[in-house]
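*Asks:* Count the sequence shown with the numbering used here and you get residues 350 to 618, in order.
All C-beta atoms, glycine included, are put in the ideal place defined by N, C-alpha and C.
Right, I'll just put the structure down here and ask away after.
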Amino acid sequence: MYTSVADQTTDQLGGPLSVLVRQKRDHVKLNALIERLRGTTGEDQAGVLLDIYRLVFPHAFAEESVLWPVMRRVLPDGGELTLEVEREHQEVNELVKKLEGLDDSSPERADVLGRLTEVLDDDVRDEEDALFPRLQARVSRRELQVLGVLWELVRRVAPTRAHPVVARRPPGNVVAALPLSVLDRGRDAVDLAILSAPGNLVPVLHRVSSALAKASHAVELLPIMRTGEDPSTRSVAGTPPFPWGTAVLAIAAAGLIGAEALRAVRRNG
């Protein structure tokens, strides 16, 4: 019989460096953010969602890159267990993409948000109650600590936005990490600025954010980013990939718009 990660102390989970402690800490933060999300609208909701994205996507990316390969190696049913969570991660990516395309006034928005929080909660429960206790039973305290350090390193350089097209497994997701992380984190900074920017700057910043989103979409459609995944987590199968040139042009356009935004900031202050 396994004991849920939620019901274990830091020492029982392998100490402060343990990957299980780090996971539990992020799950506590996520639960708090979901509580903050309830009842919010407009800019308040956008700000909380941005915090959720910046927590959830690097967290999941590091799991898929560092933890799931180990679980598939050490657990007899590791492939089945991790695939189920990968499907949950894929649904989260697809729901966020859908949410980003909906206006605040859209009647669909509440349903999509409700499903998003439901899947996130299911993901936490599956990991804490099933996956992690089984991993804990198979690896040593020292190994949990090494995995914790590796997981943290990957999390710090992982993408922070939804990328449903990118593989949920190596090597595709590992290759995607650097370019998508740079684009995503740039977009995060712009979207945070939008929440407090003067009205005359908001349209410019929205154009910067849109250009960065287009650039990341061009990158994620490169064939190498989609290698290694299970067919059941594949999105837009058969869609022709964008070439590198498209991504480069989109990034260049974002740079030009960013320069325009800086000039506008200087003119205003």
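What residues in its chain sit with their C-beta under 7 Å from that of A516, if we drop five residues either side in the sequence?
*Replies:* Against the sequence shown, residue 516 aligns to sequence position 167. Result list for A516: N522, M574, R575, T576, G577 and E578, in chain order.
*Asks:* So is T359 buried or exposed if we call it buried at 16+ other beta carbons inside 10 Å?
*Replies:* Along the sequence shown, one-based indexing puts residue 359 at 10. By the neighbour-count rule (16 or more Cβ atoms within 10 Å), T359 is not buried but exposed.
*Asks:* Could you check if G535 is buried or exposed, using at least 16 other CB atoms within 10 Å of its CB as the buried criterion?
*Replies:* Along the sequence shown, read from residue 1 onward, the residue named residue 535 stands at position 186. Under this definition G535 is a buried residue.
*Asks:* Can you grab the Cα-Cα spacing for the pair S565 / P520, in whole Å?
*Replies:* For the purposes of this step, residue 565 is identified with residue 216 of the sequence shown, where counting begins at 1. For the purposes of this step, residue 520 is identified with residue 171 of the sequence shown, where counting begins at 1. So the two alpha carbons sit approximately 18 Å from each other.
*Asks:* Please state whether the Cβ-Cβ distance between E443 and S545 is less than 9 Å.
*Replies:* In the sequence shown, the residue the question calls residue 443 occupies position 94. In the sequence shown, the residue the question calls residue 545 occupies position 196. Taking 9 Å as the Cβ cut-off, E443 and S545 do not qualify as a contacting pair.
*Asks:* Kindly indicate which residue of I383, S414, L465 and Y351 has the alpha-carbon position closest to the one of R505.
*Replies:* The sequence position of residue 505 within the sequence shown is 156, counting from 1. Selected option, being the one with the closest Cα: S414.
*Asks:* Under three-state DSSP, which class holds G577?
*Replies:* One-based indexing of the sequence shown puts residue 577 at position 228. G577 falls in the coil class under three-state DSSP.
*Asks:* Taking the alpha helix (DSSP H) that V488 belongs to, which residues open and close that run?
*Replies:* Translated into positions along the sequence shown, residue 488 becomes position 139. Note, V488: premise wrong, no alpha helix (DSSP H); not H, not E.
*Asks:* On the criterion of 16 or more Cβ atoms from any shown chain inside 10 Å, does Y402 qualify as buried, or is it exposed?
*Replies:* Counted from its first residue, the sequence shown places residue 402 at position 53. Classification of Y402: buried, given that the 10 Å Cβ count is 16 or more.
*Asks:* Whole alpha helix (DSSP H) runs in the region 355-386 with 4 or more residues, listed along the chain?
*Replies:* 368-386
*Asks:* Measuring only the C-alpha atoms, how far is L541 from M350?
*Replies:* Taking the first residue of the sequence shown as 1, we reach residue 541 at position 192. Taking the first residue of the sequence shown as 1, we reach residue 350 at position 1. Cα to Cα, the separation comes out at about 45 Å.
*Asks:* Alpha carbon to alpha carbon, how far is V614 from D460?
*Replies:* If you number the sequence shown from 1, residue 614 lands on position 265. If you number the sequence shown from 1, residue 460 lands on position 111. Reliability fails at V614, whose pLDDT of 48 lies under 50, so the model's placement of it is uncertain and the value that follows must be treated cautiously. Those two C-alpha atoms are separated by around 38 Å.
*Asks:* If the criterion is Cβ atoms closer than 9 Å, does the pair A562 and R510 meet it?
*Replies:* Translated into the one-based positions of the sequence shown, residue 562 becomes position 213. Translated into the one-based positions of the sequence shown, residue 510 becomes position 161. Contact: yes.
*Asks:* Taking three-plus beta-carbon pairs below 8 Å as touching, is the region 482-501 in contact with the region 363-372?
*Replies:* yes
*Asks:* So the alpha helix (DSSP H) P407 belongs to, where does it begin and stop?
*Replies:* Start at 1 with the first residue of the sequence shown, and residue 407 comes out as number 58. G391 to A411 is the span of the alpha helix (DSSP H), which, as asked, contains P407.
*Asks:* Should T588 go down as buried or exposed, given a rule of 16 or more other Cβ atoms within 10 Å for buried?
*Replies:* Working through the sequence shown from its first residue, we reach residue 588 at position 239. For T588, the predicted model reports a pLDDT of 45, less than 50, meaning its position is unreliable; a value from the coordinates is still stated below. So T588 ends up on the exposed side.
*Asks:* What do you get for L527, buried or exposed, if any count of 16 or more other CB atoms within 10 angstroms of its CB means buried?
*Replies:* Here residue 527 refers to the residue found at position 178 when the sequence shown is read from its first residue. Around the beta carbon of L527, a 10 Å sphere encloses fewer than 16 other beta carbons of the protein chains shown; the residue is thus reported as exposed.
*Asks:* Determine whether the beta carbon atoms of F410 and P513 lie at a separation below 9 Å.
*Replies:* The count along the sequence shown starts at 1 and reaches residue 410 at position 61. The count along the sequence shown starts at 1 and reaches residue 513 at position 164. No, the Cβ-Cβ distance between F410 and P513 is not below 9 Å.
*Asks:* Thinking L404 and L379 are a contact (beta carbons under 8 Å), I'd like their distance in whole angstroms, please.
*Replies:* Within the sequence shown, the letter at position 55 stands for residue 404. Within the sequence shown, the letter at position 30 stands for residue 379. Their Cβ separation, rounded to whole angstroms, is 6 Å, which keeps L404 and L379 in contact under 8 Å.
*Asks:* From R490 to K446, what does the alpha carbon distance come to, in whole angstroms?
*Replies:* By 1-based counting over the sequence shown, the position of residue 490 is 141. By 1-based counting over the sequence shown, the position of residue 446 is 97. In a straight line, the C-alpha of R490 is about 38 Å away from that of K446.
*Asks:* State the DSSP-derived secondary structure class of A596, mapped to helix, strand or coil.
*Replies:* Your numbering for residue 596 matches position 247 in the sequence shown. Reliability of the predicted coordinates at A596 is poor, the pLDDT of 47 falling under 50, and the value obtained from them is presented with this limitation in mind. Reduced to three states, the DSSP call for A596 is helix.
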